[in-house]
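Residue numbering for the sequence shown follows numbering that gives the first Met the number 0, starting at 0 and increasing by one per position.
Data first, discussion second: the structure below is written as structure tokens.
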Amino acid sequence: MALNLIMLGPPGAGKGTQAERFARERRVPKVSTGDILREAVHDSTEVGLLAKVFMDRGELVGDDVMIGIVREWLDRPDALGGFILDGFPRTVAQAAALDQMMTARTPLIIVDIVVPEAELVRRLSIRLICAECGATATPGNGSAGPVACGKCGGLLVQRADDTDAVVRERLGVYRRNARPLVEYYRARPTFCTIDGAQAADRVAADIATAVEAALVRGARAAEGQRR
Ligand code: AMP
0 MALNLIMLGP
10 PGAGKGTQAE
20 RFARERRVPK
30 VSTGDILREA
40 VHDSTEVGLL
50 AKVFMDRGEL
60 VGDDVMIGIV
70 REWLDRPDAL
80 GGFILDGFPR
90 TVAQAAALDQ
100 MMTARTPLII
110 VDIVVPEAEL
120 VRRLSIRLIC
130 AECGATATPG
140 NGSAGPVACG
150 KCGGLLVQRA
160 DDTDAVVRER
170 LGVYRRNARP
180 LVEYYRARPT
190 FCTIDGAQAA
200 DRVAADIATA
210 VEAALVRGAR
220 AAEGQRR
């Protein structure tokens, strides 16, 4: 059965890392809307120039722009057999638009990664990304941390929106939008909550177990609806 999955959670929850890992293991295409926007900013496209203003302030880019980007991506032939979305939806309007895109597809699995705010601030303050390929690198506890990207050898830098002031704004934006978004999904049989404050391997194992259970619940619910 096709695996259609979205990862919800605050900045620094590990959505990107876990989405990438899960996508690799399940051989499903993955997209991060943040990565698409950063690439657009880097290439100075029309969308990039528009998005940069919001991203620099830690605010959300408009729903219409984001829905258009995701609709286009989901129409790709390789995404028809399943996908993982990281960073979308961020608002109820985006979630409702995604539901419309999902008619005629198998149920959406929703993974909500929960991490206490103090831990998020700590993680974001030490997070680095590769200036060349965009990969994320977080120094281990007590070490000086990597100096070059483990994937391409590029220079590691702090993300423009991981500075203290912008992090505070991004967490505030997340808090305001998260509750209605989680309420939108919570009653679904395919909704799972994951403790993201654990080691990455443990989080990955919990996600794998929760997704299997959600797929079974989703299939049962779909079966019940057909009867
Ligand atoms: P991220 O890499 O997911 O933390 O996203 C970085 C920034 O891109 C966010 O702070 C927003 O400005 C913008 N962004 C990414 N995804 C979305 C989305 N689904 N809706 C609105 N803005 C987004």
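Glycine included, C-beta positions come from ideal geometry on N, C-alpha and C.
Here the structure is a predicted model, which is why all the values come from computation and not from measurement.
Separation of residue j from residue i, as counted between CA atoms
i    : j    : result
E168 : P9   : 12 Å
I5   : F87  : 7 Å
G141 : A186 : Residue placement at G141 is flagged as unreliable, the pLDDT there being 44, under the threshold of 50; the coordinate-derived value follows with that caveat. Distance between the alpha carbons of G141 and A186: 41 Å.
G33  : M54  : 9 Å
G171 : D111 : 17 Å
Q224 : A218 : 10 Å
G80  : L73  : 10 Å
D85  : V27  : 13 Å
V69  : V146 : 33 Å
Q99  : L107 : 11 Å
D200 : A221 : 31 Å
D62  : T208 : 32 Å
D133 : R226 : Just to set this straight, residue 133 is Gly in the shown sequence, not Asp. Approximately 47 Å, taken between the alpha carbons.
V40  : V60  : 12 Å
V181 : M101 : 18 Å
Three-state secondary structure (DSSP) of residue i
i    : result
M0   : coil
M101 : coil
L79  : coil
A130 : coil
V110 : strand
D42  : coil
L7   : strand
L59  : coil
L36  : helix
N140 : Low confidence applies here, because N140 scores a pLDDT of 45, under 50, leaving its location unreliable; read the following figure in that light. Here N140 sits in coil by DSSP.
Segment limits, beta strand (DSSP E) that includes residue i
i    : result
G47  : Run containing G47: none in the beta strand (DSSP E); it sits in the alpha helix (DSSP H), E45 to R56.
V114 : From DSSP, V114 is part of no beta strand (DSSP E); its letter is neither H nor E.
V30  : K29 to S31
L154 : Premise fails: L154 is in no beta strand (DSSP E) and is neither H nor E.
First through last residue of the alpha helix (DSSP H) which encompasses residue i
i    : result
F21  : K14 to R25
D194 : Where D194 is concerned, there is no enclosing alpha helix (DSSP H), although the beta strand (DSSP E) it sits in stretches over F190 to D194.
G217 : A199 to R225
L170 : D163 to Y184
L73  : D62 to L73
Residue closest to residue i, alpha-carbon to alpha-carbon, out of the options
i    : options                  : result
D42  : I109, E131, A22 and P106 : E131
T162 : V91, R89 and V120        : V120
E116 : R216, D77, G11 and Q93   : G11
E24  : I83, Q197 and L127       : I83
A22  : R56, R89 and A203        : A203
V114 : A196, C148 and N176      : A196
V215 : G13, T16 and T105        : T105
T192 : L7, L154, L2 and A1      : L7
G13  : L2, S31, M0 and G47      : S31
A1   : A94, V46, A78 and T16    : A78
C-beta atoms of residue i and residue j nearer than 7 Å
i    : j    : result
L36  : A18  : no
V156 : G57  : no
V91  : Y183 : yes
A159 : T189 : no
I66  : A96  : yes
N176 : R122 : no
L125 : T135 : Note on identity: in this sequence residue 125 is Ile, with Leu being the wrong assignment. For I125 and T135, no; Cβs fall outside 7 Å.
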